[in-house]
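Engineer:
Residue numbers (our numbering), protein chains in the order written: chain A, 42 to 268; chain B, 0 to 252.
1) Look at the Cβ atom of residue 176 of chain B, then the Cβ atom of residue 223 of chain B, and state whether they are nearer than 8 Å.
2) Check residue 25 of chain B in the structure and name its three-state DSSP category.
3) Mind checking if residue 128 of chain A is an interface residue toward chain B, Cβ cutoff 8 Å exclusive?
4) Go ahead and pull the three-state DSSP assignment for residue 202 of chain A.
5) Whose C-beta lies closer than 8 Å to the C-beta of residue 181 of chain A among residues of the same chain, with five residues either side of it excluded?
6) Just to confirm the assignment, what range does the alpha helix (DSSP H) spanning residue 124 of chain A have?
7) Give me the chain B residues within the contact set of residue 174 of chain A, using Cβ-Cβ distance strictly less than 9 Å, ordered along the chain.
8) Please decide whether residue 59 of chain A counts as near chain B, where near means a Cβ-Cβ distance under 8 Å.
9) Go through its chain and collect everything with a Cβ distance to residue 64 of chain B's Cβ below 6 Å, but skip five positions before and after it.
10) Quick one: does residue 140 of chain A have its CB under 8 Å from some CB of chain B?
11) Any contact of the region 122-135 of chain A with the region 105-120 of chain B, i.e. 3+ C-beta pairs under 8 Å?
12) Just curious, the beta strand (DSSP E) that residue 9 of chain B is in, first and last residue?
13) Should the region 249-265 of chain A be called in touch with the region 79-86 of chain B, which here means at least 3 C-beta pairs below 8 Å?
14) Could you check if residue 244 of chain B is buried or exposed, using at least 16 other CB atoms within 10 Å of its CB as the buried criterion?
15) Within 10 Å of its beta-carbon, does residue 297 of chain A have 16 or more other beta-carbons around it, so buried, or fewer, so exposed?
16) Which same chain residues end up closer than 7 Å to residue 64 of chain A when comparing Cβ atoms and leaving out the 5 residues on each side of it in sequence?
17) Tell me whether residue 59 of chain B sits in a helix, a strand or coil according to DSSP, three-state version.
18) Just to confirm my understanding: we take residue 92 of chain B, look at its own chain, exclude 5 residues before and 5 after, and list those with CB closer than 8 Å. What are they?
19) Anything in the region 83-112 of chain B with a Cβ closer than 8 Å to a Cβ of chain A? List those residues in chain order, please.
20) Under DSSP, the alpha helix (DSSP H) around residue 255 of chain A begins and ends at which residues?
21) In angstroms with no decimal places, state the Cα-to-Cα distance between residue 79 of chain B and residue 95 of chain A.
22) Ignore the nearest five residues each way along the sequence and tell me which others in residue 198 of chain B's own chain have a CB closer than 7 Å to its CB.
23) Would the beta-carbon of residue 242 of chain B fall within 8 Å of that of residue 231 of chain A?
24) Check whether the Cβ atoms of residue 131 of chain B and residue 207 of chain B lie closer than 8 Å to each other.
25) Do residue 184 of chain A and residue 88 of chain A have their C-beta atoms within less than 8 Å of each other?
26) Going by beta-carbon coordinates alone, are residue 160 of chain B and residue 238 of chain B separated by less than 8 Å?
27) Any beta carbon of chain A sitting closer than 8 Å to that of residue 17 of chain B?
28) Please list the partners that residue 240 of chain B has in chain A, where partner means a Cβ-to-Cβ separation under 8 Å.
29) Taking CB distances under 8 Å as the criterion, tell me whether residue 208 of chain B reaches chain A.
30) Give a yes or no on whether 8 Å exceeds the smallest Cβ distance from residue 251 of chain B to chain A.
31) Cβ of residue 224 of chain B less than 8 Å from any chain A Cβ?
32) Note down, in chain order, every chain B residue with its Cβ under 7 Å from the Cβ of residue 120 of chain A.
33) So which residues of chain C does residue 154 of chain A contact, with C-beta pairs closer than 9 Å?
34) Of the choices A:233, A:205, A:76, whose alpha-carbon is the least far from that of residue 161 of chain A?
35) Could you tell me whether any Cβ in chain B is nearer than 8 Å to the Cβ of residue 247 of chain A?
36) Of all the alpha helix (DSSP H) runs that stay within the bounds of the region 167-198 of chain B, which reach a length of 4 or more residues?
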């Protein structure tokens, strides 16, 4: 088993499985976030946020999710470093086969930029919700139950700070690009692909990439245009 | 129709006296090259020119010159085997180049393929991977009657597609991670699809994978560059099979 964990394939299996796990989290995250644009009173979103903050299953999943992120990030660095070592000297004429922007060639860079965004995102919301608190959170929610007014926190950020809207749109696009390769690549790595399924998975990966990019970007754009 | 003549082209080629020596690019002018010439014929003409000028000719690998032996290499203008598809360097023609063009010629840049001299690299690493498990060592008996082994046409075709690999190294040379996974996948697949090869499938996948890692090739990140560069168009779907074979073997351990 120990040689499996350090073998190139073993490490990639970690990337693949944590990646798929993170995609499942993102799907939930996007679904709940879209409630922001379907209910301008904020009641739906606040109830969803309250559910996420109080449900015991979610509480159990929270540290596992953090672990998923940490493994995915650390392993990415480890694998990339090793892969760079495999070519001590590069080509003077470069690589003319794949386009320079191809997500598959830039997964580490895209991932790194998503990490920067993630840190910003955590400071914008998670830190305020869980640690420091924010006066906006104590505004009445109109639900009858005492809960954080998370909707107000999101709305204020997106309406008052256009710079954040731009950053969140970029963040959404980065995630979309990352997944347009990551999704099918994860299946390829664990061997769940063949000549027929590869085409389907690639197609699905592009679709997923577009859904996440458009879905996440739509939220700041909506707040900017509507309010 | 007669082939067009390229009056003048510039060949910027990597020169390195020995494995340990420090290399450098040198640019040579080559005149009157027919576009009907193959790329290696152009190098031959350049080498004649160098020899007549009292210089050391460029050392490069080549053998059959018809795209089946896997001996030729060269990374030309940012493409393994040059800017044409489904050909090896020996099948590349000068019609792919234009008048006055500078053609950059580099050796495969793979840590596990050290340069021997100039643009010639040592691809023994591929032999080592093959020797780690790319064979059938069980007794398969004498020559059976035709069609006595039931095997579907699809499986036979897929095994043959994988077996088309000539081991030239373009996959590893093109891969941004210098990964030998397409080579490895082809060698595992050509056996995995056939009954004689299935007997040792587990041992084969594990041993060849371990050898590839040991030799310092990078890992696969599924960019798909290898299958585009492969002169035999071997599909990266074989890589999925390789991973499946390996993981099945590991889970069973």
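Even for Gly, the Cβ is constructed at its ideal location relative to N, Cα and C. Note that the structure is predicted; figures quoted are calculated from it, not measured.
Structural biologist: Short version:
1) No, they are not a contact pair.
2) In the structure shown, residue 25 of chain B sits in a strand (DSSP, three-state: E or B).
3) Yes, contact with chain B.
4) Coil at residue 202 of chain A, not helix or strand.
5) Non-local C-beta neighbours of residue 181 of chain A in its own chain, meaning closer than 8 Å and more than five positions away in sequence, comprise 190, ordered along the chain.
6) Run containing residue 124 of chain A: 97-126, per the alpha helix (DSSP H) assignment.
7) Within chain B, no residue comes near residue 174 of chain A; the closest Cβ sits about 42 Å away, beyond 9 Å.
8) Judged by the 8 Å Cβ criterion, residue 59 of chain A is not in contact with chain B.
9) Cβ neighbours of residue 64 of chain B beyond the five flanking positions: 89.
10) No, because no Cβ of chain B sits closer than 8 Å to the Cβ of residue 140 of chain A.
11) A contact exists between the region 122-135 of chain A and the region 105-120 of chain B.
12) First-last of the beta strand (DSSP E) with residue 9 of chain B: 4-14.
13) When Cβ pairs closer than 8 Å are counted between the two stretches, the region 249-265 of chain A is seen not to touch the region 79-86 of chain B, the count staying below three.
14) By the neighbour-count rule (16 or more Cβ atoms within 10 Å), residue 244 of chain B is buried.
15) The structure shown does not extend to residue 297 of chain A, since chain A is modelled only from 42 through 268, so no value can be given for it.
16) If the five residues before and after residue 64 of chain A are omitted, its C-beta is found closer than 7 Å to the C-beta atoms of 220, 224, all from its own chain and listed in chain order.
17) Note: residue 59 of chain B maps to coil in three-state DSSP.
18) Excluding residues up to 5 positions away in sequence, 34, 35, 36, 37, 38, 83 lie with their Cβ nearer than 8 Å to the Cβ of residue 92 of chain B in the same chain.
19) Answer in chain order: 103, 105, 108, 109, 110, 111.
20) Taken as a continuous stretch (DSSP letters only), the alpha helix (DSSP H) holding residue 255 of chain A covers 236-267.
21) Taking the straight line joining both Cα atoms gives about 56 Å.
22) The residues are 137.
23) Taking 8 Å as the Cβ cut-off, residue 242 of chain B and residue 231 of chain A qualify as a contacting pair.
24) Taking C-beta atoms as the reference points, residue 131 of chain B and residue 207 of chain B count as a pair closer than 8 Å.
25) Yes.
26) No Cβ-Cβ contact shorter than 8 Å links residue 160 of chain B with residue 238 of chain B.
27) Not an interface residue.
28) Under the 8 Å cutoff, chain A gives 232, 235.
29) Chain A contact via Cβ: present.
30) So no, residue 251 of chain B is outside the interface.
31) At a cut-off of 8 Å between C-beta atoms, residue 224 of chain B counts as an interface residue with respect to chain A.
32) Those within 7 Å of residue 120 of chain A in chain B are 218.
33) In summary, chain C is missing from the structure at hand, where the protein chains are A and B.
34) Taking only the C-alpha atoms, the option nearest residue 161 of chain A is A:205.
35) It does not; no Cβ of chain B falls within 8 Å.
36) Listed in chain order, the complete alpha helix (DSSP H) runs (minimum 4 residues) inside the region 167-198 of chain B are 169-173, 180-191, 194-197.
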